[in-house]
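These protein sequence lines map, in sequence, to chains U and F.
Per the numbering used here, the very first residue in the first sequence carries number 13; after that it's consecutive.
Per the numbering used here, the very first residue in the second sequence carries number 8; after that it's consecutive.
Every residue, glycine too, gets a C-beta built ideally from N, C-alpha and C.
Here's the structure, in structure tokens; my notes come after.
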Amino acid sequence: MLPTTFGPWLDYTINGLVIGNIYALLAVGLALIFGVSHLINFAHGSVYMVGAYIGWLCVTKLALPLPVTFVTVAAGCGLLGAVIERVGLRPLRNAPRIAPLLATIGLSVVLDQSAQLLFSPDPRALPTQLPTWRIAIGGGSIGALDLLIAGVGIGSAGLLYGFLRFTKLGWAVRATALDRDAAQQCGVDVDKVNRTVFAIASALGGVSGLLVGMYYNTIDPNMGFQAGLKGIVAQLIGGVGNVPGAIAGSLLLGLIESYGIALFGTSYRNLFAFVALILILVLRPNGLFARARRLPPEPLTGTFIAPSRPLVLPKWAVWTLAALALALPLVVQQPYLLQTLGNAWLYALLALSLTLVAGTVGQVSLGHAGLLAIGAYASSLLALDAGVPVLLAVPLAGLVAAALGTALVYPAFRLRGHYVSIATLAVGEIVTLVILNWESLTRGPIGVTGIPPLSVAGKPLVSGQWVYWVPLIVLLAFAALQSRLLNSHLGRTLRAIREDDVAARSYGVDLNRYKGLAFAVAGFIAGVGGALMAHFYSYINHETFPAPVSMLALTMVILGGLGNVAGAVLGAAVLVGLPELFRAAAEYRMLIYGVVLLLLIRFRPQGLLGTV
Amino acid sequence: MADQLKNSLPKKPLLEIAGLTRRFGGLTAVNGLSLTVETGELVSIIGPNGAGKTTLFNLISGLDAPDAGAVTFEGGDVTGLSAERLAALGLARSFQHGRVFGNLSVLDNVLVGAHTRLRAVKPQIPLVGPLVELALALIRPPSVRAEEERLRAEATEIVRMFGERLTPRLDKPAHSLSYANRRRVEIARALALHPRLLLLDEPTAGMNPTETAEMLEIIRGLKAGGLTILLIEHKLDLVMQLSDRVVVMDHGARIAEGPPAAVAGDPAVIEAYLGHKAVGAANQDGPNQDGGRDAEGDAARILVAH
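Structure, rendered in structure tokens:
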């Protein structure tokens, strides 16, 4: 039902501006960090979540007065920001550009999972001590909290402006943002600038989390993921690294969301932000307020991916390992073990797919779980609703995932580096949101039940051994195909794009064509993987393949070595198989993945088997 | 090295640039520049740092698009054409600071140079073309394997031009090479394209005198083989020895053009390199013995000496 009078629209506007103010607190911090360190900080959302929890402790456990709560949150998160910079990012200053990006992802997982372990995954109420009066304005109304949020937003913008404009450290920050090396030559302590910027940004982010907790009166350990993304979207709308742009972008995003909800309903809320993100990246990749186009500067060699010498397994070793893996069910008969390893092989398909695009072509996709979801839904719905035999539905699902996946990521082909990661992350979220909202096709939040198992000649392959063998055989087939692909002219062409896309273009390599090919092959492999998962699990819904699965896949790929086929299989076996076999408690698993990712980036960025 | 010259278009220059302009905000990096390169000619572009030489290369090679002006290559208008299309037309370039593919072997780097010549790459039909290419890469019929073998042999042959410097490192990743060797790989990669026109952006930057002399011989050999070359270079003795014609750029515009000897004596050129006062000083003092050791110092000395 559309509101027909003016009053509700005023409410939506006020609501949009309030939410926009909250996004602004996040986006300004992200813009400052990007300004001095050219890094899109994926851990920013987690700092925001920590801010909300510090606030919750202050309000409910310590019963502190509101101003003290604010100061505590800002101080606590500021400190956290400085620690993140010192421990997580400074050691990576001279590492390839991909390293700090991945480190912020790892930090974000560690923070979110620690909060989940400390405070339980359940949402908690964060009551506000503010009075509940509301001022009526022309049919709408404004409450005390709205005014507080607006006040904090405008106040911090003012303070920040004063700091950057009138203090010596503020000048140093601006100088570093303009030219880091020149600033350092002039005696600016760049480390101090970085620390300060992370502290300020994190303090603002923490306060933002506290305000959101109060606004909705609920907080949970995973609240940071979506919020961090929104901050990134807002910052991109305004143009990365542009502080006033970030504020304008945030208010705009808040309004878009608020009006969007008014027109279409709450369940579409996040869709607007991500569609807006894709549109901005495609139409105005430098933001709404950016100036002229510029050619990216010439890099020295291999700036995005670390130089490495891969470990090449001899042919006989590969054949022996494959034969041993195939023979395992003849020796080992525990169904639990076989099922676990079978699951690891299914995840290895995802890792194989991701290592092709992230490793071989250098397009670090953070939305790869979306391809699994497309494959799983395509195969299940083809089998259930269209009556296609499962054996045919699985490869068809692979084709659907290849086509849809490539089409969805196509707008991001013109992007580079961190922007690809953000765009693919958004595409992954869009897939989940479409599955949730397109009820007539996907059955919405209920999910798909009673998915038939894979069967050959009427005999369902559900017993212990087949749960192991089917994924393994499919995996070996795809691994062999991918190795063959990497040995052909396509292998060196794809890797040339990763190493230096400008030089590749100058030698006639059409980037769209080869990125499209890589995503299509990757989509097919992941789609088949997702389809097999659906037929083994027999039930899927929009939460079967959440964003952390994409993170897990990335960890597998980095553990094995970027672009390394054997490495992808090894990574999946280690990260899915080992925790299961050691019976590590499920709630610690994601934390372990996050820590593994951080340690790898710091100490062995080329992975166990090396970048190919 | 170059393909057989086509005789269908006699006297038509291979590359013709007319009124090319590129602005970056308030700065006009290339300002109404015109230039022609005849088939088989070696034309050098010199000028102080920031004169717009590399921007000009980016405009010619399709990595950047001009704000005004036109580029004609082999009689066809190629203004604003993408880099990948220009590569397919036979235009190859090296980069000022070196852009080799770090994690690829020397051989693979050179083979990427031959990318446009692969038969599997040729079908340009959307959707079908890439799928055919994928199928050919996976199935690898005898024709594809033979082509790959032939190109490998040819790439090895090109690398051999650089003698003992590169040949033993054929299978080493390019990131393990010295700076000078990366520049050599870049040139080898450009030659694998079988270029109709080769753009070299400071091929001897960072090389010592011995290495520079070797590079001079290689470029001389390429020229003798009939290859058309457009060269940006700061080391003027090399320019003087190799060029048929020299174009001097300053502030994005052409300030002089002609045979090497004529350009070297041009007061406008000396002024561009040494500043206004230096023109008079140079005329009085003769060769400047205390010139800097950098390339521009060299340039100034040679200009004044002429």
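Against Thr123 (chain F), the close residues of chain U are Tyr519, Gly520, in the order they occur along the chain (beta-carbon pairs closer than 8 angstroms). For Val254 (chain F), the enclosing beta strand (DSSP E) begins and ends at 252-257.
Here Pro617 (chain U) is near Ala107 (chain U), since their CB atoms are less than 8 angstroms apart. Chain U places a beta carbon closer than 8 angstroms to that of Asn110 (chain F), counting this residue as a contact.
Boundaries around Asn188 (chain F) are those of the alpha helix (DSSP H), 186-199, since no beta strand (DSSP E) includes it. With a threshold of 8 angstroms between beta carbons, Arg147 (chain F) makes contact with chain U. Note that the segment 95-107 of chain U touches the segment 205-214 of chain U; at least 3 beta-carbon pairs, one per stretch, sit closer than 8 angstroms.
For Gly459 (chain U), no alpha helix (DSSP H) segment is defined, and its DSSP state is neither H nor E. Exclusion of the five residues before and after Arg167 (chain F) leaves Thr174 as the residues of its chain whose Cβ lies within less than 6 angstroms of its Cβ. Beta-bridge pairing by DSSP links Phe31 (chain F) to F:Leu34.
From the listed residues F:Val50, F:Thr61, F:Glu45, the smallest Cα separation to Val37 (chain F) is found for F:Thr61.
A Cβ-Cβ separation of about 6 angstroms places Ala127 (chain F) in contact with Val151 (chain F) under the 8 angstroms criterion. Contacts with chain F at 8 angstroms (Cβ-Cβ) include Ala515 (chain U).
Contact of Gly57 (chain F) with chain U is not assigned, every C-beta pair being separated by 8 angstroms or more. Residue nearest to Phe169 (chain F) within the set F:Lys179, F:Glu154, F:Glu155, F:Ala187 is F:Ala187 (criterion: CA-CA distance). Residue state for Asp201 (chain U) is assigned as coil, using DSSP reduced to three classes.
Put simply, the backbone Cα of Ala516 (chain U) is about 44 angstroms away from that of Leu350 (chain U). Listed along chain F are Phe108, Gly109, Asn110, Leu111, each with a C-beta nearer than 7 angstroms to that of Glu511 (chain U). Of all alpha-carbon atoms in U:Tyr228, U:Thr230, U:Val224, the one lying nearest the alpha-carbon of Gly240 (chain U) is that of U:Val224. Using a Cβ-Cβ cut-off of 8 angstroms, Arg109 (chain U) does not count as an interface residue toward chain F, since no Cβ of chain F sits closer than that to its own. For Asp84 (chain F), the three-state secondary structure derived from DSSP is strand. In this structure, Leu37 (chain U) sits away from Gly167 (chain U), with a CB-CB distance that is not shorter than 8 angstroms.
In chain F, no part has a C-beta under 8 angstroms from the C-beta of Thr418 (chain U); the shortest such distance is about 10 angstroms. Spatial neighbours of His122 (chain F) in its own chain (CB-CB distance under 7 angstroms, excluding positions within 5 residues in sequence) are listed in chain order as Val128. The beta-carbon separation of Asp257 (chain F) and Ala279 (chain F), rounded to 4 angstroms, stays under the 8 angstroms limit for a contact. In terms of Cβ geometry, Gly266 (chain U) and Ile249 (chain U) do not form a close pair [threshold 8 angstroms].
Per the coordinates, the alpha-carbon of Ala491 (chain U) lies some 53 angstroms from the alpha-carbon of Pro55 (chain F). Under the three-state reduction of DSSP, Arg105 (chain U) is assigned to coil, being neither helix nor strand. Secondary structure at Lys527 (chain U): helix, using DSSP grouped into helix, strand and coil. If you draw a straight line from the Cα of Phe615 (chain U) to the Cα of Val406 (chain U), it is about 39 angstroms long. The criterion of a C-beta distance shorter than 8 angstroms is satisfied by Leu44 (chain U) and Ile212 (chain U). The segment 201-221 of chain F and the segment 233-245 of chain F touch, with three or more beta-carbon pairs separated by less than 8 angstroms. Proximity to Val59 (chain U) across U:Ser120, U:Ala137, U:Ala584, U:Val432 peaks at U:Ser120, based on C-alpha coordinates. Within chain U, the residues whose beta carbon sits less than 7 angstroms from that of Arg100 (chain F) are Ser518, listed in sequence order. Annotation for Tyr280 (chain U): Gly272, Ile273, Leu445, Asn449 place their beta carbon closer than 8 angstroms to its own, counting only its chain and skipping 5 residues before and after.
The Cβ of Asp244 (chain F) sits no closer than 8 angstroms to any Cβ of chain U.
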